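Quick notes on the structure that follows.
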Amino acid sequence: MTAARKLWAVLDIMDRQLIDRQDRFAGTVDDVELAVADDGTISVTALLAGPGVLARRMRFHRLGPWLERFARWAVPAESEDPARIPLGRVADIGSAIHLSLDHEDMATMATERWFRDNIIDHIPGSTDAAE
Amino acid sequence: MRLSDLTRVAVYDVGGKRIGRLNDVRLVQDGPYVEGFGAGLRVAGFVAGSGRMGERLGFNRGGVDGPWLLKVFFLRLERRGRFVPWDKVARMENDAIHLSVSAAELRPFEPDE
C-alpha cells in the first residue's frame, strides 16, 4: 500500500496554471475552497478562479464580491457557481493543474467570454480576436 | 471557508504567546472519495513561522531543492518554524488561530513534514 500523497496548498496549488482536457490554458488557481465536515476534519472541495476571487484574496473587500456578483450575472442561470471548479473535475495536480473539462465548459471563464462576446468582438478590426 | 482566509493569520499558543503566521497548509490525499479525483485532500496541519522570504519561496518545504546554497541559507534562518497538526487548533477567529497546546510542545518544522 502506497503512502497518501502530500501537498502544500499554497506552494503546490495556489496560482498554478489550469489546463483543460485539450491542453489549453484555462486560467490560474486564485483560491481554494475548504469545507468542514461534521467530525471537524477540513477538506478541499473546489478550486476557485476568476477576477473576483483574486480581488477578494488581495483584500479588496468591495471590488472582490462585486466582481463575483458580476461573474454570476454573466453566466447563464443554469450554470454552476462561476468561481468554482469542483475537485471532481480536477484530473491531476502537478507543475500545472489539469482539468477533466473543456475551456468552453468552464464557468470560471465566463467573465472572459462575456468580455469577448460583448466588448472585444464589437471593436472594429477585432474579427479574429475570439480565435 | 477559503484558503486565503487562513494564510497569513496570526497563530497563538494555549498561553497566548504568538508563534507566528500561518504560512502554508499541509494537504494529505486520504480524505473521503471524490468522484473523478480519487481520495479527497484533507487538511492535516499547517506551518507557522515568521513568514520570511525563505518560507515564501518554499525553501523550508520539500520539493524545492536548489540552488543548494540558498536552501542551506534559508533553512538555517527558518528553523523557528513550527508544524501544527490540525487537531491542535482550539478555535479560529477572523484574524487569529488559537491552539490547545504550548509552543514548546510543537516540533520544529521539517522540510519533508
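Protein chains in written order, with our numbering: chain B, 1 to 131; chain F, 1001 to 1113. The beta-carbon is built from N, C-alpha and C at its ideal position, and this holds for glycine as well. All figures in this text were calculated on a predicted structure; none of them were measured in a lab.
- The continuous stretches of alpha helix (DSSP H) do not include L1106 (chain F), and DSSP gives it neither H nor E.
- Rounded to the nearest angstrom, the Cβ distance from V1047 (chain F) to F1083 (chain F) is 6 Å, consistent with a contact under 8 Å.
- Separation of A4 (chain B) and D1030 (chain F) (C-alpha to C-alpha, rounded to the nearest whole angstrom) is 6 Å.
- Between D30 (chain B) and A46 (chain B), the CB-CB gap reaches or exceeds 7 Å.
- DSSP, read as helix, strand or coil, puts G1020 (chain F) in strand.
- For T28 (chain B) against Q17 (chain B), the beta-carbon gap comes to about 6 Å, under 8 Å, which counts as contact.
- In this chain, L54 (chain B) is not harboured by any beta strand (DSSP E); it is covered by the alpha helix (DSSP H) spanning 51 to 57.
- A83 (chain B) sits in coil when the DSSP states are folded into three classes, being neither helix nor strand.
- By the CB criterion at 7 Å, D102 (chain B) and D20 (chain B) fall inside the cutoff.
- Beyond the five residues adjoining it in sequence on each side, L67 (chain B) comes within less than 7 Å, by CB distance, of P51, G52, A55 in the same chain, given in chain order.
- Any Cβ of chain F closer than 7 Å to the Cβ of L87 (chain B) would place that residue at the interface, and such an atom is present.
- Rounded to the nearest whole angstrom, the C-alpha separation of I123 (chain B) and F115 (chain B) is 11 Å.
- Counting C-beta atoms within 10 angstroms of its own C-beta, D121 (chain B) has fewer than 16 neighbours from the protein chains shown and is therefore classed as exposed.
- Sixteen is the threshold: since fewer than 16 other Cβ atoms of the shown chains lie within 10 Å of the Cβ of A1090 (chain F), the residue is exposed.
- Of all residues in the region 29 to 51 of chain B, the ones placed with a Cβ closer than 9 Å to any Cβ belonging to chain F are D30, D31, V32, E33, L34, A35, V36, A37, G40, T41, I42, S43, V44, T45, L48, in chain order.
- Pairing F1109 (chain F) with S1050 (chain F), the inter-Cα distance amounts to about 12 Å.
- According to the DSSP assignment, L34 (chain B) belongs to the beta strand (DSSP E) that extends over 31 to 36.
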